[in-house]
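**Q** Order-wise, the sequence lines are chains A and B.
So for the first sequence, my numbering puts the first residue at 754; every next one is plus one.
So for the second sequence, my numbering puts the first residue at 27; every next one is plus one.
A virtual CB, placed ideally from N, CA and C, is assigned to each residue, including glycine.
Every value quoted in this text rests on a predicted model; they were computed, and no experiment measured them.
What follows is a single structure, and I will ask about it in a moment.
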Amino acid sequence: MPAGFYFGIEVFLNGLMAGVMYSLVALGFVLIFKASGIFNYAQGVMALFAALTLVGLQNGQVPFAHLINAIFGTEVHHFGWHLPVFFAILLTLGVMVLFAFLVEKLILKHLVNQEPIILFMACIGLAYFMEGFGDLMWGSEIKKLDVGIPQGGNFWIEEVTSGLGGDGFYGFYLDTLDIYATVIAALLVISLVLFSQYTKTGRALRAVADDHQAALSVGISLRAIWVIVWTIAGFVALVAGIMWGSKSGVQFSLSLIALKALPVLMLGGFTSIPGAIVGGLIIGVGEKMFEFLIGVPFLGGATENWFAYMLALMFLVFRPQGLFGEKIIERV
Amino acid sequence: MLYREAGVFKTSYAKDQETFPIPFDKAGYFLALIVAFGVIPFLVNDYWANAILLPFLIYAIAAIGLNILTGYCGQVSLGSGGFMAVGAYATYKLMTAFPDLNMIIVILLAGLVTAFVGVLFGLPSLRIKGFYLAVATLAAQFFLVWLFNKIPWFYNYSASGQISAPERVVLGFEVTGANAQPAVIYLFCLCFTVALAWVARNLTRSNTGRKWMAIRDMDIAAEIIGVNPLMAKLSAFAVSSFYIGVAGALLFSVYLGAAEVGEAFGIQKSFLVLFMVIIGGLGSIFGSFAGAAFMVLFPVLLKNVMVGQLGWATDIAAHFEFIIVGALIIIFLIVEPHGLAALWRIAKEKLRLWPFPH
Chain A
754 MPAGFYFGIE
764 VFLNGLMAGV
774 MYSLVALGFV
784 LIFKASGIFN
794 YAQGVMALFA
804 ALTLVGLQNG
814 QVPFAHLINA
824 IFGTEVHHFG
834 WHLPVFFAIL
844 LTLGVMVLFA
854 FLVEKLILKH
864 LVNQEPIILF
874 MACIGLAYFM
884 EGFGDLMWGS
894 EIKKLDVGIP
904 QGGNFWIEEV
914 TSGLGGDGFY
924 GFYLDTLDIY
934 ATVIAALLVI
944 SLVLFSQYTK
954 TGRALRAVAD
964 DHQAALSVGI
974 SLRAIWVIVW
984 TIAGFVALVA
994 GIMWGSKSGV
1004 QFSLSLIALK
1014 ALPVLMLGGF
1024 TSIPGAIVGG
1034 LIIGVGEKMF
1044 EFLIGVPFLG
1054 GATENWFAYM
1064 LALMFLVFRP
1074 QGLFGEKIIE
1084 RV
Chain B
27 MLYREAGVFK
37 TSYAKDQETF
47 PIPFDKAGYF
57 LALIVAFGVI
67 PFLVNDYWAN
77 AILLPFLIYA
87 IAAIGLNILT
97 GYCGQVSLGS
107 GGFMAVGAYA
117 TYKLMTAFPD
127 LNMIIVILLA
137 GLVTAFVGVL
147 FGLPSLRIKG
157 FYLAVATLAA
167 QFFLVWLFNK
177 IPWFYNYSAS
187 GQISAPERVV
197 LGFEVTGANA
207 QPAVIYLFCL
217 CFTVALAWVA
227 RNLTRSNTGR
237 KWMAIRDMDI
247 AAEIIGVNPL
257 MAKLSAFAVS
267 SFYIGVAGAL
277 LFSVYLGAAE
287 VGEAFGIQKS
297 FLVLFMVIIG
307 GLGSIFGSFA
317 GAAFMVLFPV
327 LLKNVMVGQL
337 GWATDIAAHF
347 EFIIVGALII
357 IFLIVEPHGL
367 AALWRIAKEK
377 LRLWPFPH
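And the structure:
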């Protein structure tokens, strides 16, 4: 076997890992879309906000330090403590619960029964708001997030596989962080499935996803369900924020992962959790392989920006509801 | 008292179908035109033209374009930034390839090129609907920006990867380049805006416009009563892209003068134009103007207050701008989901009965 073939496999494996990261974000979208029919564009910004809060709490940053300094002329920056990772994550989770509660209270409650596009726009407004709010609260410089997950190439895999190829091949290069992310994402999905299948709340969630009216009529509180769903989405956003933040630093561009998750959603279907996972894997592998085989040699690279969208577009032309989406039935 | 239909007798079909049946409306419309054409050009200075009037006029064209697609035909598009880039790059290529071509023709041709590209990216709309389509139009956005970044032919192999507009003259006045007078470029853009808005207003109440609205309200039902969805959707994409392309062409050649595609025509532009349409009001030409005015004026106002009056650092002001714009969009949607145009309509209803409300 030539070394090129093994490089191809390496790209394939890395694509799978990247796909898992996309799936993590897409998962949050699907949860909210299923439960409330809202296309939550703010999911990416929620991940950014969660990661910012986590870093800020860990390092004992004073919230709104810049603003306080600008208004009162003081020089406060840090409380001077370092929280353990576990407590910081718990506190961040608390912040996300509060956030979910406020979103329901201040926005969703008032927009019940509006057209989907209005809700979508409200989510874009929310994304803008959160972007400014997060930066104002914790500062806009690039921060390093470290929750104790090791990073860098995995030497064990490299050594074990180095014998496969010829002279030019040194084994597969896989980032340890990506492997962790894969395991954590798998655990997250399994626990979500268990939660929605075997708990009372989970059953209520599925009922709401099926039919709002019917769920209301058997006594399920829509508003409580929405708070729960946004909390879960906040939790998923926190996990995604931790993974992406450890990988590339916590900064504004983190919110753009929402744009990476959209083609995943289209491919997998807006209403399907397995769809988000499979779609993520297809997109991850597809864009890495396309870049490797066609993008870099023939098109000058950087095809990853649009390839996922084109792939999803082509796919949708043949199957308009996505891979696992519910069949769209229209009547006059 | 002043604003009423009473006493307006329509004696011909033409009169019956006027855009402004109420005399007060018609007077206001002509007054606005007289002020815009006859007064403002003599008062305008560099700051007003560049910070407020030009962006307002240009974005109004883009907002009308997107409103035709989203508000009248019901196809949500997030690709406006990409289509504006097509207009800008088509203008650049035409300006450099045919230096003697009249600038007006260049801009209209750039609009036609964009219309063609828009139809291409509109083809999937025949199969894909709703949010799937909205996300699909993002493909246009990212692909087009990538294309203009990666293929050197589009920016004439310039080292910086930027495009910059050469100087061009219309009727003896310079309209592009560094020496163009603010009054001249203001009038140049104003002519485009008024002409295109007039066409759009009449198009949307024509046969074509009614077909678009039928598709928007329910495409299957429209198909059954004999509207051809292929023609209706693609014509909406074509007309909308033409408008957005003209806006992109004006933005690049007259307003910016030089542009880098990722920065000037990124996804933020798409959202900006969509905000204008939503805040102004879906399915309203007046709403497009109101939304554009709001989204152009508001950040300028905020910046003046926060940086100029309170003396805060620009980065804090920028964060606050995000927060306030985001919050305002949400508040707007909660208070009046149908935008400024609906507020205007309500005000007119009230005015009609004033001062005897019963």
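Between A/A818 and the rest of its own chain, which residues show a CB-CB distance below 6 Å, the 5 nearest in sequence each way excluded?
**A** Cβ within range, chain order: V829, H830.
**Q** Can you pull the chain A residues whose beta carbon is under 7 Å from the beta carbon of B/D341, in chain order?
**A** In chain order: S893.
**Q** Counting only runs of 4+ residues fully inside the region 113-188 of chain B, write out the alpha helix (DSSP H) ranges in chain order.
**A** Correct list: 129-148, 156-176.
**Q** So the candidates are B/S38, B/F278, B/V34; which of them puts its Cα closest to the Cα of B/F50?
**A** Minimum Cα distance to B/F50 is reached at B/V34.
**Q** How should A/P1016 be labelled, buried or exposed, when 16 other C-beta atoms within 10 angstroms of its C-beta is the threshold for buried?
**A** The residue in question, A/P1016, is buried, as its Cβ has 16 or more Cβ neighbours within 10 Å.
**Q** With distances taken from CA atoms, which of B/L28, B/I78, B/A58 is nearest B/A209?
**A** Nearest of B/L28, B/I78, B/A58 to B/A209, Cα basis: B/I78.
**Q** Could you check the C-alpha separation between B/A165 and B/R153 for me, to the nearest Å?
**A** Taking the straight line joining both Cα atoms gives about 15 Å.
**Q** Near A/P903, which residues of its chain fall below 6 Å by C-beta distance, leaving aside the five closest residues on each side in sequence?
**A** Within the same chain, A/P903 has close Cβ partners T929.
**Q** List, from N- to C-terminal side, the alpha helix (DSSP H) runs of 4 residues or more that fit wholly inside the region 1006-1051 of chain A.
**A** Segments of the alpha helix (DSSP H) lying fully in the region 1006-1051 of chain A: 1010-1021, 1026-1043.
**Q** Assuming the contact rule is C-beta atoms closer than 8 Å, B/I356 and A/I860 should be a hit. Round their C-beta distance to whole Å, please.
**A** Indeed, because the Cβ distance is near 6 Å, the residues count as touching under 8 Å.
**Q** So which residues on chain B does A/W1059 lean against when the C-beta distance must stay under 7 Å?
**A** Those within 7 Å of A/W1059 in chain B are A165, F168, F169, W172.
**Q** What residue range is occupied by the uninterrupted alpha helix (DSSP H) comprising A/K858?
**A** Per DSSP, A/K858 belongs to the alpha helix (DSSP H) from 838-859.
**Q** Does any residue of chain A bring its CB to less than 8 Å from the CB of B/K41?
**A** No - not a single Cβ of chain A is within 8 Å of the one on B/K41.
**Q** Checking contacts by CB at 8 Å: is B/L369 closer than that to chain A?
**A** So no, B/L369 is outside the interface.
**Q** Report, in whole angstroms, the separation of the C-beta atoms of A/L851 and A/I995, which I expect to be a contact under 8 Å.
**A** Wrong, their Cβ atoms sit about 19 Å apart, outside the cutoff.
**Q** Between the beta-carbon of B/I308 and the beta-carbon of B/T96, is there less than 8 Å?
**A** Reading the sequence as shown, one finds Leu at residue 308 of chain B and not Ile. Yes, they are a contact pair.
**Q** Apart from the five residues on each side of it in sequence, which residues of its chain come closer than 7 Å, Cβ to Cβ, to B/K237?
**A** Closer than 7 Å at the Cβ level, and outside the excluded window around B/K237, lie V253, A258.
**Q** Given that A/M799 touches chain B, what residues does it touch there, using C-beta distances under 7 Å?
**A** Near A/M799 there are no residues of chain B at all, since even the closest Cβ is about 13 Å away, more than 7 Å.
**Q** DSSP state of A/H831, grouped into three classes?
**A** In this structure, A/H831 counts as strand in the three-state DSSP scheme.
**Q** Should A/R956 be labelled buried (16 or more other beta-carbon atoms within 10 Å of its own) or exposed?
**A** Exposed, since its Cβ has fewer than 16 Cβ neighbours within 10 Å.
**Q** Select from A/I877, A/G809, A/N822, A/E868 the residue whose C-alpha is nearest the C-alpha of A/V848.
**A** For the residues A/I877, A/G809, A/N822, A/E868, the minimum Cα distance to A/V848 belongs to A/G809.
**Q** Run the CB neighbour count on B/P125, radius 10 Å, all protein chains shown included, and call it buried at 16 or more, exposed below.
**A** When all chains shown are included, B/P125 counts as exposed.
**Q** Would you kindly report the start and end of the unbroken alpha helix (DSSP H) that includes B/F46?
**A** It is not in any alpha helix (DSSP H) - B/F46 carries neither H nor E in the DSSP assignment.
**Q** Apply the 10 Å Cβ neighbour rule to B/N128 and answer buried if 16 or more other Cβ atoms are within range, or exposed otherwise.
**A** B/N128 should be labelled exposed.
**Q** Should the region 167-187 of chain B be regarded as contacting the region 101-115 of chain B, the criterion being three or more beta carbon pairs within less than 8 Å?
**A** Result yes; three or more Cβ-Cβ pairs closer than 8 Å.
**Q** Using a cut-off of 8 Å between C-beta atoms, extract the partners of A/H863 located in chain B.
**A** Going along chain B in sequence order, the residues near A/H863 (Cβ under 8 Å) are I360.
**Q** Ignore the nearest five residues each way along the sequence and tell me which others in B/V196's own chain have a CB closer than 6 Å to its CB.
**A** If we look at B/V196 and ignore the five residues flanking it on each side, its Cβ neighbours are M129.
**Q** Please confirm whether A/G987 has its beta-carbon closer than 8 Å to some beta-carbon of chain B.
**A** No, A/G987 does not count as interfacial toward chain B.
**Q** What's the C-alpha gap between B/A223 and B/A262?
**A** Going by the C-alpha atoms only, they are around 15 Å apart.
**Q** Check the Cβ of B/F56 against every Cβ in chain A and list those closer than 8 Å, keeping chain order.
**A** Simply none; closest approach about 34 Å.
**Q** How would you call B/P381, buried or exposed, if buried means at least 16 neighbouring beta carbons within 10 angstroms?
**A** Exposed, because fewer than 16 other Cβ atoms sit within 10 Å of the Cβ of B/P381.
**Q** Check the DSSP bridge columns for A/Q814 and list the partner residues they point to.
**A** Paired residues: A/H831.
**Q** Determine, using beta carbons only, whether B/A114 and B/A284 come nearer to each other than 8 Å.
**A** Cβ atoms of B/A114 and B/A284: not closer than 8 Å.
**Q** My guess is that A/A803 and A/L991 are in contact by the Cβ rule of under 8 Å, so how many angstroms apart are they, rounded?
**A** Contact holds; Cβ gap of about 4 Å.
**Q** When DSSP builds the beta bridges, which residues end up paired with B/V196?
**A** Answer is B/F199.
**Q** With which residues is A/K896 paired in a DSSP beta bridge?
**A** In the DSSP output, where bridge partners are listed per residue, A/K896 has A/V1003.
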